[in-house]
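A.B. asks:
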Amino acid sequence: MDPNPKPNHGISAYYKTRAEHHAIISGDWLAQAQAATAAGHPLEVPPASATALSAASKPFSIIDEFNHWRRKPDLAEAVAAIMALVAGIRSSDATTMMELEIELKKASDALKSWDTTSISLSAACDLFMRYVTRTSALEYEDFHAAKLRLIERGEKFGEISLKARRTIAMLGQDFIFDGCTILVHGFSRVVLEVLKLASSNRKLFRVFCTEGRPDKTGLGLSKELAALGIPVKLLIDSAVAYAMDEVDMVLVGADGIVESGGIINMMGTYQTALIAHSMNKPVYVAAESYKFARLYPLDQKDLEPALRPVEFGVPIPSGVEIEKSARDYTPPHYLTLLFTDLGVLTPSVVSDELIQLYL
Amino acid sequence: MDNRRQPRTVSDPKVRQVGFVTPGAAPPARYLSEAPTDPAATSPPSGETALPAISISPVMIPPPRHSPSAPLAVPNPARRDGLQNQVGGYNTLEVLLGSPPLTSPSSRTDDAVSQFSDDPSMSPCDGRSRAAKVASSFPGSSGEMMVMKAGIVGGGSNTPKSSWTTASVAAKTRPDISEKERGAFVGMQNDGAGASKTFKEKTTKAERRALQEAQRATKAAAKESGAGVKLSAAPGGAVPANTKQGKVVKPPAQKKDGPQVANTSVSSEKKVVDRPPEKDRKKDVPPPRMQFDDIHRVEKAKRRAVVYQFEAKNRVELFRHLPQYIHGTQLPDLETKFFQLDPMHPSVYKVGLQYLSGNILGGNARCIAMLLAFREAIRDYSTPPEKALVRDLTAKISSYVSFLIECRPLSISMGNAIRFIKNRIAKLPDTMPESEAKSSLQSDIDRFINEKIVIADKVIIRHAVTKIRDGDVLLTYGLSCVVEMLLVYAHEVGKQFRVVIVDSRPNLDGQVLLHRLVAKGINCTYTHLNAISYIMLEVTRVFLGAASVLSNGTVYSRVGTACVAMVANAFRVPVLICCEAYKFHERVQLDSICSNELGDPDVISKVPGQKDLNHLDNRANIENLQLLNLTYDVTPSDFVSMIITDYGMLPPSSVPVIVREYRRENLWI
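Residue numbers (my numbering), protein chains in the order written: chain Z, 870 to 1228; chain G, 600 to 1268.
(1) At a CB-CB cut-off below 7 Å, which residues of chain G make contact with Ser1129(Z)?
(2) To test your reading of the DSSP string, which unbroken beta strand (DSSP E) runs of 3 or more residues are found completely within the region 1113-1151 of chain Z?
(3) Could you run through the region 1226-1258 of chain G and flag, in chain order, every residue whose CB is less than 8 Å away from some CB of chain Z?
(4) Where does the unbroken beta strand (DSSP E) through Arg914(G) begin, and where does it stop?
(5) Could you tell me the distance, in whole angstroms, from the CA atom of Lys1094(G) to the CA atom of Val1163(G)?
(6) Enumerate in chain order the residues of its own chain whose CB-to-CB distance from Met1241(G) is below 6 Å, with the five nearest sequence positions on each side excluded.
(7) Which ranges does the beta strand (DSSP E) cover as unbroken runs of at least 3 residues, wholly within the region 1147-1223 of chain G, from first to last along the chain?
(8) For Pro945(G), decide whether its Cβ has a neighbour in chain Z, counting only Cβ atoms nearer than 7 Å.
(9) Do you know offhand how far Asp1221(Z)'s Cα is from Ser1129(Z)'s?
(10) Would you verify that the beta carbon of Asp1221(Z) is, or is not, closer than 7 Å to some beta carbon of chain G?
(11) From this set, Ile1121(G), Val1053(G), Lys1021(G) and Val1258(G), which residue's C-alpha is nearest Arg1186(G)'s C-alpha?
(12) Output, in chain order, the set of chain G residues within a Cβ distance shorter than 8 Å of Asp1197(Z).
(13) Quick one: what does DSSP say Arg707(G) is sitting in, helix, strand or coil?
(14) Can you name the residues of chain G whose CB is closer than 7 Å to the CB of Ile1144(Z)?
(15) Would the beta-carbon of Met966(Z) fall within 7 Å of that of Ala1015(Z)?
(16) Under 8 Å: do the region 953-961 of chain G and the region 1228-1235 of chain G share three or more Cβ pairs, one atom per stretch?
(17) Along chain G, in chain order, which residues have C-beta atoms closer than 8 Å to that of Tyr1139(Z)?
(18) Give a yes or no on whether the minimum CB-CB distance between Tyr1203(Z) and chain G is below 7 Å.
(19) Which runs of the alpha helix (DSSP H) at least 4 residues long sit entirely within the region 969-1028 of chain Z? Give them in chain order.
(20) Note the first and the last residue of the continuous alpha helix (DSSP H) segment covering Asp1056(G).
(21) For Glu1050(G) and Tyr1088(G), what's the separation of their Cα atoms in angstroms?
(22) Would Phe1161(Z) and Leu1040(Z) be called neighbours here (beta carbons separated by less than 7 Å)?
(23) Strictly by DSSP, which residues pair up with Asn1122(G)?
(24) Measuring CB atoms only, is the region 1133-1152 of chain Z touching the region 1029-1037 of chain Z, in the sense that at least three cross pairs come out at less than 8 Å?
(25) Taking Glu552(G) as the query, report the chain Z residues whose CB atoms sit under 9 Å from its CB, ordered along the chain.
(26) CA-CA distance, Ser1253(G) and Tyr1246(G)?
(27) List the endpoints of the continuous alpha helix (DSSP H) containing Val1234(Z).
(28) Comparing C-alpha positions only, which one of Val1092(G), Gln1225(G) and Glu985(G) sits nearest to Arg919(G)?
(29) I'd like to know if the region 1020-1034 of chain Z and the region 1044-1053 of chain Z are in contact, where contact means that at least 3 CB-CB pairs between them fall below 8 Å.
(30) Please state whether the Cβ-Cβ distance between Thr1205(Z) and Val1152(Z) is less than 7 Å.
(31) Whole angstroms are fine: how far does the CA of Ile988(Z) sit from the CA of Lys941(Z)?
(32) Determine contact between the region 977-985 of chain Z and the region 930-944 of chain Z, defined as no fewer than three beta-carbon pairs at a distance below 8 Å.
(33) On the premise that Phe1012(Z) lies in contact with Thr964(Z), defined as a C-beta separation below 8 Å, what is that separation, rounded to the nearest angstrom?
(34) Can you list, in chain order, the residues of its chain with a C-beta nearer than 8 Å to that of Ala1167(G)? Leave out the 5 residues immediately preceding and following it.
(35) Tell me the rounded alpha-carbon separation between Phe1170(G) and Arg974(G).
(36) Return the first residue and the last residue of the alpha helix (DSSP H) that Val948(Z) is part of.
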């Protein structure tokens, strides 16, 4: 395997990773991951120490580390990046704080440039940098103490990120009431977690899954949900408006939450939200706070496009263009609430949080 | 809306009129008395002279009591006299001080003072009984005195500033009495308030609050604070109008009294005096519109307007509460005074005249000019003997500021800058030598200009340029220096775009921008606001400047901005507001009426270059013609996609966060 895969030109690495994850994801696997998270120390020492050991032999590569974490299907890319950065601090042989900070900065830049289309990746890197370096540790006399403190903080951040989903599920499931119908668009692990928790709390509800062309994310989700015994109905993407009458709420995940409070998510979220808004149905977004990004798109084209191949199953006539963009931007106006690990927020709070984090 | 409720509106005018002395107390009485038709105020109009302030107003006190005051009743004209000429008030005050009844009635003053101190807990009945007490202790038979006092109160309420200067003079002459007197004064008005309670509960509440405020202010007298000049409040509401009036009259008086006489105590007292009204003004700015609901109120307003001799007769209904445009008459007047400016620093004077003549326009330019003038004034400042720099300089700055307000109402950004300076002065340690203090203040001002304006603009430009894509058509309105810098910068960076400059009469400052951009080789289209809906079709981004952004996300900007933003919003074109964070203000404003600035009405009636379009030339003679030349308007946050500040690109909903988190930093850098 290519140890340092650069994203293929034209295809967003983010979506490639997701596709891989979806291919192998399974309920068993999630259960295992759950157990690991619950056990408390998800930061399994082996990989990190292994890296530390190997660091002696070969130069530490943040990308390798990242890829190592990234292969775990339950780990969001952002969390993988955080893990990699922590490992980066651990294996760093810098001798001054400044040096370490520069190294960290380089590592995070490398991660960000590895996939420029992933919002959560760059957001998480930025947040990590803020979180880790914004500490009194930097004034410690003793460099080693300071470094330990940084590692500790980094690990804490990673842990928080890992637990985020759980927190969100706890918060989000309160919004699901007996007898409700939920429309879900795209495959979001957070959304799945929310639904799972709700169903394990014996809530009775049914789910409409959109098909999620072109990568059939809805199929994957419906499989998961059916395994949990939740009644599911699959819709083709164009049936959203048709089905909206019956729907009580729309629940989606997010690739990124931007400063305006809007979200960037899989293609089709915007139209779903628009329809829901026009029919006065609430639109909830479940997303971890490390997806808060300092971006402010003004419209759909104001984003760096993430491309993804689209299969139509039939030969495309020559001269016909294909829209390959994989995601769209939903303005905050159409969102009702955000379920995040910081709490249930209105869209306008996102900017407040970002200001507090970054300024 | 709260402020539209009838009772409040009724109480409001009085609050506004109170202006200076003890906010809230005196005016209500006046108001009541003035509106004879008011069912509540069945008392004869003459009651106003006797005025509650003095206690006994027939209006408020049960029948038996006021009989003594009845003889005092003086018809309206008399009252107006008192109001109109503060000198009269001043004289009477001195007479008052000198006259035997006043020097002796320590019991009365004490009573009043005590009442004043515990007023918050005062119940209506209580107040009345106290009023009665005061009244009884008061030699009610001396009608002359009553009248005099009424005159004072009236003067205080209508032309507060001047009356206060006079008060301070009095204080100077009789330092020992002054304090008590003031207390008594307040107390008296307080009594009036208490009495009026019987009529209107709401009123009394407002008054009580005002009183509380006044009390607090007196307590905090020694404390320094920028509250003295809440410039932000200046453009808001009728009060400013009053102040303005007062000030217009004032300068000579101040020149005479302030600097020459002034000892520290006087100046500090003055500040104390200044403060409550400011606070009050800020909190209780009444909804101006209410008065026009009913004819009597309008009548009353007109009567009141007599005091403002130079105000335009044909004021536009909704905007009477704003300081009227009077520059035309003022400029020559001020110019002649240029060489006899004792208290005013020449640089401040210069800037003031420039504001007046319109040579300095634009929020940043005005703010920088003011700061530089202050800087020079501080450089040339030397503490008079026996005075503390901190206090004296603050007073001095305040006087400069009030002068500038005379020339043109302050912008919100200037208000923030002044707040900053005052804060810096207040924070100077007492022990610091003068030269050091002065240089630190000067460097503070430099830093403010540099960090909050110059660098902030650069940061804004960096942010904003990321939102310009090749092939964009950018629309801007009027002349905003940040937007201009942004367009020039984007051009330099090599972005390919086209600019649509929308302009409007009477300023036509878009032409300035057009001229500069075309000179840089930028592709421009110039049109007037009338064509906005046509031109908006091809626009992809709208960049606008702002005079201020208020904490509900409302953008306060040059008149016409709201129109542009609204049309852009209708066409789904993103509207980006470029505004430095120092212009943010915690106020909330819902419409363009309650706080605004009026420009010269003549400008809109004359069309330059069109000799045949002079139908309005003799407009002053036309009774049913009102010309409205608004300077600002308010753009609701719904129409704003993004606000670009030195803290980054934010949604309008985040303005309060910036205000909350960085206010402190802005003040103390």
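The C-beta atom is built at its ideal place from N, Cα and C for all residues, glycine as well.
None of the values given here were measured: they were computed from a predicted structure.
C.D. replies: Well, looking at it:
(1) Ordered by position in chain G, the residues that pass the 7 Å Cβ test against Ser1129(Z) are Pro1250.
(2) Entirely contained in the region 1113-1151 of chain Z, the beta strand (DSSP E) runs reaching 3 residues are, in chain order, 1118-1121 and 1132-1135.
(3) Here the close residues are Ser1240, Met1241, Tyr1246, Gly1247, Met1248, Leu1249, Pro1250, Ser1252, Ser1253, Val1256 and Ile1257.
(4) For Arg914(G), there is no enclosing beta strand (DSSP E), as DSSP marks it with neither H nor E.
(5) Between the alpha carbons of Lys1094(G) and Val1163(G) lies a distance of about 24 Å.
(6) These residues qualify, in order along the chain: Leu1175 and Met1248.
(7) Under the rule that a run must span 3 or more residues, the beta strand (DSSP E) segments found entirely inside the region 1147-1223 of chain G read 1147-1149, 1154-1157 and 1174-1177.
(8) Not a single CB atom of chain Z sits nearer than 7 Å to the CB of Pro945(G).
(9) So the alpha carbons of these two residues sit roughly 10 Å apart.
(10) The Cβ of Asp1221(Z) sits closer than 7 Å to at least one Cβ of chain G.
(11) That would be Val1258(G), whose Cα lies nearest to the Cα of Arg1186(G).
(12) For Asp1197(Z), none of the residues of chain G pass the 8 Å Cβ criterion, the least Cβ distance being about 15 Å.
(13) Residue placement at Arg707(G) is flagged as unreliable, the pLDDT there being 44, under the threshold of 50; the coordinate-derived value follows with that caveat. It is helical.
(14) Simply none; closest approach about 18 Å.
(15) Between Met966(Z) and Ala1015(Z), the CB-CB gap stays under 7 Å.
(16) Taking 8 Å as the limit for Cβ pairs, the verdict is that the region 1228-1235 of chain G does not touch the region 953-961 of chain G.
(17) Under the 8 Å cutoff, chain G gives no residues; its nearest Cβ is about 14 Å from Tyr1139(Z).
(18) Not an interface residue.
(19) For the region 969-1028 of chain Z, whole alpha helix (DSSP H) runs of length 4 or above, ordered along the chain, are 988-1002.
(20) First-last of the alpha helix (DSSP H) with Asp1056(G): Ala1055 to Val1064.
(21) Going by the C-alpha atoms only, they are around 19 Å apart.
(22) Taking 7 Å as the Cβ cut-off, Phe1161(Z) and Leu1040(Z) do not qualify as a contacting pair.
(23) Asn1122(G) is bridged to Arg1097(G).
(24) Counting Cβ pairs under 8 Å, fewer than three are found: no touch.
(25) The shown model of chain G, from 600 to 1268, leaves out residue 552(G), and the question about it has no answer.
(26) Spanning the two alpha carbons is a distance of roughly 11 Å.
(27) Nothing can be reported for residue 1234(Z), as the shown portion of chain Z is limited to 870 through 1228.
(28) The closest CA to that of Arg919(G), considering only Val1092(G), Gln1225(G) and Glu985(G), is found on Gln1225(G).
(29) By the Cβ test, the region 1020-1034 of chain Z is not in contact with the region 1044-1053 of chain Z, since fewer than three Cβ pairs between them sit closer than 8 Å.
(30) Taking 7 Å as the Cβ cut-off, Thr1205(Z) and Val1152(Z) qualify as a contacting pair.
(31) Approximately 19 Å, taken between the alpha carbons.
(32) In the pairwise beta carbon analysis, the region 977-985 of chain Z is classified as touching the region 930-944 of chain Z: at least three pairs are separated by under 8 Å.
(33) Between Thr964(Z) and Phe1012(Z) the beta-carbon gap is near 7 Å, inside 8 Å, which marks them as a contact.
(34) Within its own chain, the residues whose Cβ lies closer than 8 Å to the Cβ of Ala1167(G), once the five positions on either side in sequence are excluded, are Leu1074, Met1135, Val1138, Val1141, Pro1173, Val1174 and Phe1238, listed in chain order.
(35) Cα-Cα distance, rounded: 46 Å.
(36) Going by DSSP, Val948(Z) is part of the alpha helix (DSSP H) stretching over Glu946 to Ser960.
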